[in-house]
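Numbering (our numbering), first residue to last: 3 to 268.
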């Protein structure tokens, strides 16, 4: 048995009063196509997406959990670089298990069934983990830059790396606070069925008309993409120049050969 797939857009009615503005969401227009009872897409597409996403989810959770276990369980693996890798795996693991799974179910059924509190938490975790991942990658590039470009200078200590990781998470949480504050659920009825949407409702409206959302997304782009990209580009370019001019890896320079010969004569 099939039902109709519903593709709807939202019509916004701003009821302004002395207390502020409220937004009411109602379906404005719809088109129909064959779909399954469990979702709003054809049966073959539904099951294909389900299998593909399940494989991706198992790989993401299993792979990142293994990386974390290897570093924690083996003392000799507890290096500065590996601490950053564990932090990166932790962020990816949180994204896969606490955000992606629930949003995939939401996407399939177009109905948020996990409650308003988890809508807030899910959107918060999404931005926190994205920021943590990007900042961690930047930290890894800086650590490698210090080791390759400035090898004679003191390396980053384990304590310093742990402090940096703590700063990374605090920074990510601060960036994601608006998602925690303004994420909410709104109910709507379509063809007699009551469904729930999980969205960010800014004080000045929904994201597609909100100036606050535009400013937040611009800030998030600069802090988690533009600035880290510039930093990593600088670090890896400097490393590339040093490695490119150092000859083949494992190949001895003439100065090193002369030093070895002089030691043999002695």
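Cβ coordinates follow ideal geometry from the N, Cα and C atoms, glycine included.
None of these values were measured; they are calculated from a predicted model.
Item to complete: Assuming residue 89 and residue 138 form a contact by the criterion Cβ under 8 Å, report the distance between their Cβ atoms to the nearest whole angstrom.
Response: Working through the chain shown from its first residue, we reach residue 89 at position 87. Working through the chain shown from its first residue, we reach residue 138 at position 136. Contact holds; Cβ gap of about 5 Å.
Worksheet item: Whose C-alpha, out of 246, 202, 152, is nearest the C-alpha of residue 218?
Response: Here residue 218 refers to the residue found at position 216 of the chain shown. Comparing Cα-Cα distances from residue 218 to each of 246, 202, 152, the minimum goes to 202.
Worksheet entry | Secondary structure, beta strand (DSSP E): runs of 3+ residues fully inside the stretch 179–216 | For the beta strand (DSSP E) assignment, the uninterrupted runs of no fewer than 3 residues enclosed by the stretch 179–216 are, from N- to C-terminal side, 185–192, 195–202.
Item to complete: Please confirm whether residue 128 and residue 181 have their CB atoms less than 9 Å apart.
Response: Within the chain shown, the letter at position 126 stands for residue 128. Within the chain shown, the letter at position 179 stands for residue 181. Contact flag set, yes.
Discussion item. Residues in the same chain with beta-carbon distance under 7 Å from residue 108, minus the five sequence neighbours each way, listed in chain order, please.
Written reply: Residue mapping note: residue 108 aligns to position 106 of the chain shown, counting from 1. Closer than 7 Å at the Cβ level, and outside the excluded window around residue 108, lie 114, 200.
Discussion item. I'd like the span of the alpha helix (DSSP H) that includes residue 147, first residue to last.
Written reply: Numbered from its first residue, the chain shown carries residue 147 at position 145. Per DSSP, residue 147 is one residue of the alpha helix (DSSP H) stretching across 118–151.
Worksheet item: Touch check for the stretch 77–92 and the stretch 158–178: three-plus C-beta pairs under 8 Å?
Response: yes
Practice prompt. Express the C-alpha separation of residue 111 and residue 189 in angstroms, rounding to a whole number.
Written response: For the purposes of this step, residue 189 is taken as residue 187 along the chain shown, with counting starting at 1. For the purposes of this step, residue 111 is taken as residue 109 along the chain shown, with counting starting at 1. Distance between the alpha carbons of residue 189 and residue 111 is about 14 Å.
Practice prompt. Compare the C-alpha of residue 104 against each of 124, 95, 92, 198 and name the closest.
Written response: Looking up residue 104 in the chain shown gives position 102. Of the listed residues, the one whose Cα sits closest to residue 104 is 124.
Worksheet item: If you draw a straight line from the alpha carbon of residue 136 to that of residue 231, how long is it in whole angstroms?
Response: As a working note, residue 136 is residue 134 in the chain shown. As a working note, residue 231 is residue 229 in the chain shown. Roughly 9 Å separates the two Cα atoms.
Worksheet item: By Cβ distance below 7 Å, which residues in the same chain neighbour residue 2 in space, the five residues on each side in sequence not counted?
Response: Outside the shown range of the chain, which is 3 to 268, sits residue 2, and nothing can be said about it.
Practice prompt. List the endpoints of the continuous alpha helix (DSSP H) containing residue 110.
Written response: For the purposes of this step, residue 110 is taken as residue 108 along the chain shown, with counting starting at 1. 103–111 is the span of the alpha helix (DSSP H), which, as asked, contains residue 110.
Worksheet item: Given that a residue counts as buried once 16 or more other Cβ atoms are within 10 Å of its Cβ, and exposed if not, what is residue 97?
Response: Translated into positions along the chain shown, residue 97 becomes position 95. Its Cβ being crowded by 16 or more others within 10 Å, residue 97 is buried.
Worksheet item: Nearest-angstrom Cα distance between residue 70 and residue 91?
Response: Here the question's residue 70 lines up with position 68 in the chain shown. Here the question's residue 91 lines up with position 89 in the chain shown. Near 7 Å, if we compare the C-alpha coordinates of residue 91 and residue 70.
Discussion item. Counting C-beta neighbours from all protein chains within 10 Å, is the total for residue 68 16 or more, i.e. buried, or is it exposed?
Written reply: In the chain shown, counting from the first residue as 1, residue 68 sits at position 66. Classification of residue 68: exposed, given that the 10 Å Cβ count is below 16.
Discussion item. To the nearest angstrom, how far is the alpha carbon of residue 193 from that of residue 63?
Written reply: The count along the chain shown starts at 1 and reaches residue 193 at position 191. The count along the chain shown starts at 1 and reaches residue 63 at position 61. Between residue 193 and residue 63, the C-alpha separation is close to 38 Å.
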